[in-house]
Structure formats: structure tokens, C-alpha cells
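For reference, the structure is listed below as C-alpha cells.
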Amino acid sequence: MSKKNEDSPEVATGQHYTTGNHAAAEGSLAAGCKFFGGYPITPSSEIAEHMALRLPKINGNFVQFEDEIASIAGILGASWGGVKSMTATSGPGYSLMVENIGLGLMTETPCVIVNVQRGGPSTGLPTLIGQQDVMQARWGSHGDYETIAISPSNVQECFDLALECFNLSEQYRLPVTLLMDEVIGHMSERLVIPPKEELTIISRKKPTDPPDKHLPYKADDSLVPPMATAGEGYRVMVTGLTHDERGYPDLTPEAQDKAVRRINDKIRLNKDKIIKLEEYMLDDAKTAIVSFGTSARAAKGAVNRARKKGIKVGLLRLITLWPFPDEKIDQLADQVDRIIIPEINYGQVTREVERAAHGKTEVKGDFRLGGAIHTPQEILKEIERN
Amino acid sequence: MSEEEEFQLIESDVHPLDGYLREGRIPHIFCPACSLGSVMNIIVEAIKEAKLENKKVSVVSGIGCTGRISGYLNYDSFHTTHGRAIPFAIGLGVTDPERKVIVISGDGDLFAIGGNHFIHAARRNADITVICVNNFNYGMTGGQVGPTSYKGQYQSTAPYGAVEEPFNLPDLAASCGAVYVARWSALDVRRMKDSFTEALLKKGFTFVEVLGSCPTTFGRRNQLAEGKKILEYFHEKSEIQHGADTKTVGISKDSKIIVGKFIDIEDKPTLTDNLMAVQRMSKAKGK
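Chains as they are written, first to last, in numbering that gives the first Met the number 0: chain A, 0 to 385; chain B, 0 to 286.
Dropping the structure here:
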């Protein structure tokens, strides 16, 4: 980012040549993020560094906490203080955050967590790519829940989708994960940030009834209750315990059923509105590539090369990983003879595609276990293999 | 004078704490003779005494018996995860410098699983008042040994007596930078209220330790099975030493229990002050 742009307010309108990590930070600022709580971890630290530089200029606050557990707890607190908040981390840090992500899901707290993935398990490959946290983003916390995770494939999308994560988290009231990877985080590309008035910014719905009549967890047909926050006179009562519409703990099977069903259904029933996909040359395809993040870039290159050779192949790029696009995969399984899934893990999305394809087509994963990306040639070889 | 004449029953539909407690949540879950009911009462009295605007008060708890207090209080109240009340409170607090955030939780929550957050919040001089009700054990889970259990104390996971050194909480708070540190036993209700009030009116990281009575899971195993016995024990052992060197206030089985106000420091920049300063620096010319 140039000096000039760093001096601009929330929205750094203009053309930039920058990294995915900085773009994700700018997208968050453009979305209205005013609090960042985080802990340094490679390969995400540039997001924290950029927020430390930018937030104070726009009357926001940056706190470097003592660990990732405190970071996620802090951003939940800030969200209940009425501001949009975020953190950024990588796999090991995300592992530490999952309990409080569960608190965010149960208490319906909007916030954004960026996970710039590296190779795992454990300390793994701190400075190298992985895409191994796909399942963790879905199932990391205990209990039944639906969640949203989005995966950018280029620097522009790091901006656009960080903003989208905030919009979704505010609209549906839950922690949303921007699931980046090391290559996207560190690569430099062109980024165009539009003027503020051209951006769609969504903020949480506020209650309109008076405090003495207000039921903080009573939802209308959207299944998402309006959110009163601290200091507004509503005397909010927030607990991770199973609670009733008043927010009071109610540890009965009936209350559990009602509460857990609703926090799941508010995502399940809106799946079609949430899911974003890119379809590339799929119309006449007999082979489909399903990929996401950095892997999808190489996959697109492979599709271009294969098409030149006259092979009918296309790409379905999963921008939204969770909720998973079951219906789209099901349709694709009817259309194509084979689905190939290049991913930098040992079969996390492949497993989902197998499930959603219902055995109607051949499903084949093309795995890298971390530290390197697929080349288009390697994926092309996979396409040409019969 | 007969007993009947001495004690007059006051009939009233109004309770002094009406409006300050969430009536729909009463009765509370605390055991008979547990001191948490009184502590809860005293917190409200202190908030009233400090004349804080109700809208500007938030109460944050972790998990455990004491952690349940937040949910009975009729303020913006947050019952978070085990050990994480303090960082939640920091995030909540920095969003509005006018907000008074009170963390009320137990010794296990704040000093075992949450110990790291406590020391860093004190170091940062975060603008929160932390009230720890130290009942010397994990009550809600059935009486296990904890980080403040004294040597020789019997608990379900210390059937031969606790063998580890306990934390000296006032000293820990003071050495990490807390600007206000006091300790009272559950018996000292008026002094406790004064300390709570002072802590609430002070900016920065303020800490009050309350030695709580837990007859059910602490007392039963340690010859103090009745609430009254624990209070008598506090009465017998307590000695007020305002300004005592916090290094000398550790609690052991047969020691005196030193109570009082130990630390009260003026004019130390708080986390909020520092964040505001960063905002000013970021906007200074040439930055």
C-alpha cells in the first residue's frame, strides 16, 4: 500500500498493488471493522500489522492480546460493545480459538476470523501453504452448529470477501471465517477498491421494541433476532448456556431443541443466499474440477490448457466452502463422468464432494499435503489420465 | 424484652434490590450458607454507592459458582467461557471509555485456566474491576483442589491433602501492576462494600479478593461444614492491615488472614488512555 492510501479513512478507494493479507485488512476496514484483537502468527501477521497501522487513524482500536484465546474472547466482547470486530490467525491459533467461536455461535455474536492457512498438523509448516483447516472451520468447536467459511482465490477477493464476511456475520449474527491460505496471503496483485458509496455494507439489525418488552433471542421469520448491545438500556443477558428467548439459561431438552435448531436453521434455510460459486467452462464439460483458494488458480490454468487440446473440462470454484454447495455438486454429478478435486490437504473437500455426488460419478482427489501448490501441468495430467 | 418484641417482621412488597436483580432468575442456585448471595448484594450496593449509571455498567463472568452472579444482576451481563471473562471484558470495555466493566468470577476461573489473562490485564492496566470470590476450591464441579487451596487442605482431587503452594492473589495482582488491591472475607460486608465502591470509581485495573464461604465442597472436607463455622474461622483468623506488604499476605492453614486495602496507586495510564494516545499519535503530522 502506498503512504497516501494508508492515510485515507476507512475505505482506501483507488488502485493498489498489494498482498492478500493487506487486502483482507482493507476489506475489513471498508466493512466498518473498528476493533482488532490478535496474536502474531505466520503467515497471517501482516493483517495484524496493517490493522495496527490503520485502525487508530479511524478512531478504531487494536489490541495485541496475550494469546489467541484472549483475542477471540476480546473480539466477542467488542462486538457486544456494539462495534464490528475481527481477528486473524493461522491453524494453531484457530485451534486455540474454537471454544470461543462456539460461544460466538451460541450467543449469536457477529465477528470475523481470518485464517491464513499453513501446513499442519501442529506447528507443521509455518511459512508454507496448506488448505488443511477446511474441516476445522466447519467442525472445530463442539456441539451442533452451522457456520460460514469463505475462501478467496486472489488479492481482489481477499478485499471483497473480507467485506462479505462482515456482511454475512452481521446479517446472520455469527462468527464467520475467511479461509485464506499462505500463498494468497503473501502474493501481490492488483487491487481496486471502489468508492465507499459503491460498497454494500450490512450492519446488524437493531431492536425497535422498548427494553421492558424486548426478548433478545426472539427471532422473526428470518430466524435472526435483532441485536441490542451493551449500553443501550436493554440490559442484555448473554450466556453460552442453552437459553430461552429472554436469554435466561434453560437447561431443558425443549429449550435446547429450540435454540440449537434455530441457530442451525438460520444458515441451512438461507444456504442459497449465502453460497457463492464460480463456474468456468462447465456447460458442456464431461470432466469437472472442483477446487478453491490457491489450488483453484492452478486448476483454471489446467482447464485452459485442456480446452486447447479439445478436452471438455470445466471448473467449479468454491468461493463459499461452508455451507457446502451440496445441490450444485449433485447436479454436476449428473452431468459429468468424473470430478477431480485438487486440494492441499488429504481429502477434506473430496470427502464432501463424494458425499454430495451420491455415487453418481467418479470422484477423485488430487492431494498435496502442504508446502507446495499444484502446477497447472500436474492437474492437466490428472485430467488426461483415463 | 421478649424475642418477639426484639425482632419485628417488616412486611413489604418492595425489596431494596428490586430492579437490580433479574427477578425471573430468582431463586439462585447458590447453596445454603454460601457467601455468593451476600457478595452479589454488596456488588449492587457498591454500584449504587458509586452512583454509576446503570446503562454504563456491564458485568462479565467466566464459569463456576461465582460465574453465575453476572446472570442474576440486571445490568448488561455476560456469562462467557471458562477463564475468558477478562479478555472478553477488555474487548467490551474499549468500545466505550465511559463503560464500567466489572469482572466477577471465582479463583479457579480467574487464576487457573484464566491466570494468563489476569496477569496481562493487570500489566496493561485495563479499565476493569475484577472481583474474585476465592472459596479455595472448585465448587461447581464437586470440590476439587484449586490454585488457591492451601497446603494440607482436603479436596476431592487432593484426598491426602493439597501439596502445592497456593497463589497469593493480592501479591500476584500487585506485582503485575494493579492500581488497587484489597482483600476482605465474606464476613466483612461493609468494608467489602467500601472497597468495591473505591475500586469501581478508580480508573484502571482494580482488584478485590473476597474470601468466600463454601460449606458444601470446601467446608465439609475441612472441618468447616457449616457456613457459620467458616465465618467464625474468618473472624478468628482475620487481621486488618491496610497497606500491608502484599508479600506477607499469603494464606496457609494456620496463618493469620491479613485483610485490608493493600494497594491504591494514582495516575497510572490505563489501557484506554494508551489506546487514545495511539489514536492521537497516528494522526500526528508526518505519521
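All C-beta atoms, glycine included, are put in the ideal place defined by N, C-alpha and C. Just so we're clear, the structure is a prediction, and the values are computed from it rather than from any experiment.
Taking residue i as part of the alpha helix (DSSP H), name the residues at either end of that continuous run.
| i | result |
| --- | --- |
| GLN155(A) | 154–171 |
| PRO86(B) | 84–93 |
| GLN330(A) | 325–334 |
| ILE376(A) | It is Gln, not Ile, that sits at residue 376(A) in the sequence shown. Here the alpha helix (DSSP H) through GLN376(A) covers 375–383. |
| LEU214(A) | Taken as a continuous stretch (DSSP letters only), LEU214(A) belongs to no alpha helix (DSSP H), as it is neither H nor E. |
| PHE29(B) | No alpha helix (DSSP H) contains PHE29(B), which DSSP labels as neither H nor E. |
Within the continuous beta strand (DSSP E) that includes residue i, where are the two ends?
| i | result |
| --- | --- |
| PRO174(A) | 174–180 |
| SER60(B) | 56–60 |
| ARG182(B) | 179–184 |
| LYS50(B) | Per DSSP, LYS50(B) belongs to no beta strand (DSSP E) and is neither H nor E. |
| ALA157(B) | Premise fails: ALA157(B) is in no beta strand (DSSP E) and is neither H nor E. |
| GLU238(B) | 237–239 |
| PRO169(B) | Premise fails: PRO169(B) lies in the alpha helix (DSSP H), 168–175, not in any beta strand (DSSP E). |
| MET236(A) | 236–238 |
| TYR16(A) | 13–18 |
| ALA87(A) | 83–88 |
| VAL113(A) | 110–118 |
Looking at residue j and residue i, is the spacing between their C-beta atoms short of 9 Å?
| i | j | result |
| --- | --- | --- |
| LEU276(A) | PRO324(A) | yes |
| ARG220(B) | GLY145(B) | no |
| ILE290(B) | ALA125(B) | Residue 290(B) lies beyond the residue range present for chain B, which begins at 0 and ends at 286; the question has no answer from this structure. |
| ILE343(A) | GLN130(A) | yes |
| MET50(A) | ALA87(A) | yes |
| GLN135(A) | ARG189(A) | no |
| VAL209(B) | ILE130(B) | yes |
| MET280(A) | VAL312(A) | yes |
| PRO151(A) | GLY19(A) | yes |
| LEU72(B) | ILE42(B) | yes |
| ILE274(A) | VAL175(A) | no |
| ASP336(A) | HIS357(A) | no |
| GLU68(B) | ILE25(B) | Here residue 68(B) is Ile; the residue named in the question, Glu, does not match the sequence. Against a cut-off of 9 Å, the Cβ pair of ILE25(B) and ILE68(B) comes out as no contact. |
| PHE34(A) | THR94(B) | yes |
| PHE29(B) | VAL58(B) | no |
Determine, for residue i, whether the minimum Cβ-Cβ distance to residues of chain A falls below 9 Å.
| i | result |
| --- | --- |
| ARG182(B) | no |
| VAL13(B) | no |
| MET280(B) | yes |
| SER212(B) | no |
| VAL59(B) | yes |
| ASP75(B) | yes |
| HIS234(B) | no |
| THR79(B) | yes |
| GLY249(B) | no |
| GLY82(B) | yes |
| GLY105(B) | no |
| GLY70(B) | yes |
Mark residue i as exposed unless 16 or more other C-beta atoms lie within 10 angstroms of its C-beta, in which case mark it buried.
| i | result |
| --- | --- |
| ASP159(A) | buried |
| PRO109(A) | buried |
| THR245(B) | buried |
| LEU214(A) | exposed |
| THR122(A) | exposed |
| PRO194(A) | exposed |
| HIS141(A) | exposed |
| THR319(A) | buried |
| TRP79(A) | buried |
| PRO224(A) | buried |
| LYS212(A) | exposed |
Step through the CB atoms of chain B and report whether any lies within less than 9 Å of the CB of residue i.
| i | result |
| --- | --- |
| THR146(A) | no |
| GLY309(A) | no |
| SER84(A) | yes |
| SER1(A) | Confidence is the limiting factor: at SER1(A) the pLDDT is only 46, short of 50, which leaves the residue's position unreliable and the question unanswerable from this model. |
| ASN4(A) | Only weak support is given to the placement of ASN4(A): the predicted model assigns it a pLDDT of 48, under 50, and the question is left unresolved by the model. |
| GLY292(A) | no |
| GLY90(A) | no |
| GLY232(A) | yes |
With a threshold of 8 Å, establish whether the CB of residue i neighbours any heavy atom of the ligand SAM.
| i | result |
| --- | --- |
| LEU168(B) | Here there are no bound small molecules, and the ligand SAM is not part of this structure. |
Using a beta-carbon distance cut-off of less than 7 Å, what residues from the region 84–97 of chain B approach chain D?
The structure shown contains no chain D; the protein chains it does contain are A and B.
Mind listing which residues of the region 99–121 of chain A have their C-beta closer than 7 Å to chain B's C-betas, in chain order?
Of all residues in the region 99–121 of chain A, ASN99, LEU102 have a Cβ within less than 7 Å of some Cβ in chain B.
Interfacial residues, the region 256–276 of chain B to chain A, with Cβ spacing under 7 Å:
LEU274
For the region 61–82 of chain A, enumerate the residues whose C-beta is nearer than 9 Å to any C-beta of chain B, in chain order.
PHE61, VAL62, PHE64, GLU65, ASP66, ILE68, ALA69, SER70, ILE71, ALA72, GLY73, ILE74, LEU75, GLY76, ALA77, SER78, TRP79, GLY80, GLY81, VAL82
Mind checking the region 234–257 of chain A against chain B and listing, in chain order, the residues whose C-beta falls within less than 8 Å of any C-beta there?
Identification of residues in the region 234–257 of chain A having a C-beta nearer than 8 Å to some C-beta of chain B yields ARG234, VAL235, MET236, VAL237, THR238, GLY239, LEU240, ARG245, TYR247, PRO248, given in sequence order.
Which residues, in order along the region 207–230 of chain A, keep a beta-carbon less than 7 Å from a beta-carbon of chain B?
Of all residues in the region 207–230 of chain A, ALA229, GLY230 have a Cβ within less than 7 Å of some Cβ in chain B.
For the region 30–59 of chain A, list every residue whose C-beta sits within 7 Å of some C-beta in chain B, in sequence order.
PHE34, GLY36, PRO55, LYS56, ASN58
Scan the region 113–143 of chain B for residues whose Cβ lies nearer than 7 Å to a Cβ of chain A and list them as they occur along the chain.
ASN115, HIS116, HIS119
Using a Cβ-Cβ cut-off of less than 7 Å, list which residues of the region 44–68 of chain B approach chain A; keep chain order.
So the close ones are LYS54, LYS55, SER57.
Chain A contacts made by the region 12–31 of chain B, where a contact means CB separation under 8 Å:
ARG21, GLY23, ARG24
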